[in-house]
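Single-structure report; data block below.
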Amino acid sequence: EAAAQIAGVAKVLVADNAAYAHQLPENVAPLVAELGAGYSHILAAATSNGKNILPRVAAQLDVDQISEIISVVSADTFTRPIYAGNAIATVQSTAPVKVITVRATGFDPVAAQGGSAAVEAVAAVHDAGTSSFVGEELAKSDRPELTAA
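UniProt numbering numbers the first residue of the sequence shown as 1 and each following residue consecutively.
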């Protein structure tokens, strides 16, 4: 419901099913590909989840993925870092659906207020049955995290 409050968001789709509980890419990618086929752009944050799911979505839609953009030049042109961030490439896509991961640090956050988008439930369920969530645990170390050092 928080996404529905963002100004400019027209509709929020919610897939509430146990198959999607842990965002396993084998289950989520077919859903995103099915729902996203009618849109011009499919975007996800360049997180481990986004990087696991969107390549599969791009393959199912038979389009190239554009990875880790840091700016939008136009509806079909984007910039992204290359060579470990030492250069910036401008990429253009002619694909009917642009599948894109976004570096969140490249964009200013939006205010989560001022919008009133409709929230719609999605009935489609894609459970590939090829993987299952086993568990997760935090890595503990006496040393500080590199990101916090």
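Each residue gets a CB set at the ideal place from its N, CA and C atoms; glycine is no exception.
In the DSSP assignment, residue 98 falls within the unbroken beta strand (DSSP E) covering 98-102. In the displayed model, residue 138 falls within coil according to three-state DSSP, outside both helix and strand. Secondary structure note for residue 32: its alpha helix (DSSP H) is the uninterrupted segment 25-36.
Annotation: the region 31-119 contains the following complete segments of the alpha helix (DSSP H) (minimum length 4 residues), in chain order: 48-61.
In the three-state reduction of the DSSP assignment, residue 19 falls in the helix class, which pools H, G and I. In this structure residue 105 is exposed. Its beta-carbon is surrounded by fewer than 16 other beta-carbon atoms within 10 angstroms. The C-alpha of residue 93 lies about 5 angstroms from the C-alpha of residue 76. With contacts defined as CB atoms closer than 9 angstroms, residue 61 and residue 28 fail to qualify as a contacting pair. Annotation for residue 12: the continuous beta strand (DSSP E) segment containing it runs 11-14.
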